[in-house]
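Here the sequence shown is numbered in the working numbering, starting from 9 and rising by one per residue. What follows is a single structure, written as structure tokens, with notes after it.
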Amino acid sequence: MHDGPASQAAKTPRLPRLDPKFVPLAVTIALFLAMAGFGSFAYTGFFSLQVFLNLLIDNAFLCIVAVGMTFVILSGGIDLSVGSVIALTTMVSAWLVEQHGWSPALVIPLVLLMGTLFGAFMGVLIQRFRLQPFIVTLAGMFLARGLCYLISIDSISITNEFYSEAAQVRIPVTGDASLSIGALIAIVVVVLAVFVAHFTQFGRTVYAIGGNEHSAVLMGLPVRTTLVGVYTLSGFCSALAGVVFTFYMLSGYGLHAVGLELDAIAAVVIGGTLLSGGVGYVFGTLFGVLTLGIVQTLIMFDGTLSSWWTRIVIGALLFAFCLMQRVFETGRGRKP
């Protein structure tokens, strides 16, 4: 007796299907690997460990900021103040160290606390008064940038020995390849953020708020404190990125990191986090940052293209990923 078609279909092994929520992350990783492969074949000297480590070294501060931005966007919010907080951190650091002779051991914790409180203040305004995150963080952007110019309208160079040595230190990886202190800090931040996002109540609540805030409230989750917490975390990450940026630039200036908030949002979106919230991964944000970095590196290795092509390519990628997000959200909405 032969088995019927239904029986035969049941016996046919099925290939595992990729969960749709992993599709943006998979596309980002595939895109990064494709560009890395293209560069390795097209340009001599591109395929080396140090070139890839330089992607993180040169974008360490962006990576740190983007991690904080990931939590904000996962909760369904936005933070436009991050670039200005970086600039304010560099200005306060340079002003206290160079003009008042403060020790970096006091200045660094102080600016980290300053950034954290700044983020917490915006979080309280957003949560307590139900204000739009876009408007509140836009006001924070103007406020932080304006405070920079109250300190000085000119750049303040940092000649302190600690900052100079921190900028030059290289941590051996293998052979001649090495990492900077800023890159190491960025790696630690990513690892800690992955743990917080996926293995703590705070992280689970952030995802729940981004998915449906009303449902999260009905489930008894600490929505209020978590909403304040994501902006507090973003403020801390911005200040930490400012410290790393100070090592990188060895100066404080009110025009530092202009537009960096847009790069951070781009990295988060390209990394697969939905702008509507609730879906995304910190690990994806890391690849988003590396993708922005490798675009710039490819253009630099080419040597014939203007640096503005970096913005053009990033803009095209953002359009593509926004369209993909829209398709993904439509697909989720059609599910029973």
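We put the CB at the ideal spot given by N, CA and C, even for glycine. The structure displayed is predicted, hence computed values, not measured ones.
Anticipated Cβ contact below 8 angstroms, residue i with residue j, distance rounded
i      : j      : result
Arg178 : Leu187 : 7 angstroms
Gly218 : Gly286 : 3 angstroms
Ser242 : Val80  : 5 angstroms
Ser83  : Val214 : 5 angstroms
Pro28  : Phe336 : 6 angstroms
Leu133 : Leu139 : 6 angstroms
Met43  : Ile302 : 5 angstroms
Beta-carbon proximity list for residue i, same chain, < 6 angstroms, skipping 5 on both sides
i     : result
Gly47 : Phe54, Leu306
Cys5  : No statement about residue 5 is possible, as the shown extent of the chain runs from 9 to 344 and does not include it.
Ala74 : Ala272, Ala275, Val276, Thr293, Val297
Per-residue DSSP class, three states only, for residue i
i      : result
Ala38  : helix
Ala230 : According to the sequence shown, residue 230 is Pro rather than Ala. If DSSP states are grouped into helix, strand and coil, Pro230 belongs with coil.
Cys190 : According to the sequence as given, residue 190 is Gly; it is not Cys. Gly190 falls in the helix class under three-state DSSP.
Thr213 : helix
Thr281 : coil
Gly260 : strand
Ala265 : coil
Lys343 : The predicted model places Lys343 with a pLDDT of 44, which falls under 50 and marks its position as unreliable, so this point remains unresolved.
Exposure label - residue i; buried when at least 16 CB within 10 Å
i      : result
Leu114 : exposed
Cys71  : buried
Ala38  : exposed
Arg232 : exposed
Asp184 : exposed
Phe69  : buried
Ile166 : buried
Leu32  : Here the sequence assigns Pro to residue 32, which means Leu is not the residue at that position. Buried is the call here.
Leu235 : buried
Arg153 : buried
His264 : buried
Ala50  : exposed
Asp162 : exposed
Ile65  : buried
Enclosing beta strand (DSSP E) for residue i [first to last residue]
i      : result
Val297 : Segment 290 to 310 is the alpha helix (DSSP H) holding Val297; no beta strand (DSSP E) there.
Cβ shell of residue i (< 8 angstroms), same chain only, five flanking positions each side left out
i      : result
Leu326 : Ala274, Val277, Ile278
Leu248 : Ile72, Leu120, Gly123, Ile193, Val197
Ile164 : Met99, Ala102, Trp103, Glu106, Gln107, Ser259, Gly260, Tyr261
Gly267 : Gly91
Leu61  : Val181, Ala185, Ser186, Leu187, Ala191
Ala224 : Thr213, Ala216, Ile217, Val231
Ile116 : Ser101, Val251
Trp317 : Ile307
Residue interval of the alpha helix (DSSP H) (run including residue i)
i      : result
Arg178 : Unbroken run through Arg178 is the beta strand (DSSP E), 178 to 182; no alpha helix (DSSP H).
Thr167 : Unbroken run through Thr167: none, as it is neither H nor E.
Gly76  : 68 to 82
Pro117 : 112 to 136
Ile86  : Unbroken run through Ile86: none, as it is neither H nor E.
Pro28  : No alpha helix (DSSP H) holds Pro28; DSSP gives it neither H nor E.
Thr145 : 141 to 159
Contact set for residue i: own chain, Cβ-Cβ below 7 angstroms, skip 5 residues either direction
i      : result
Phe291 : Val202
Thr36  : Ile278, Gly279, Gly280, Gly292, Phe295, Gly296, Thr299
His206 : none
Thr240 : Thr124, Gly127, Ala128, Gly131
Phe253 : Phe69, Ile94, Thr98, His264, Ala265
Ile86  : Val80, Pro141, Phe142, Thr145
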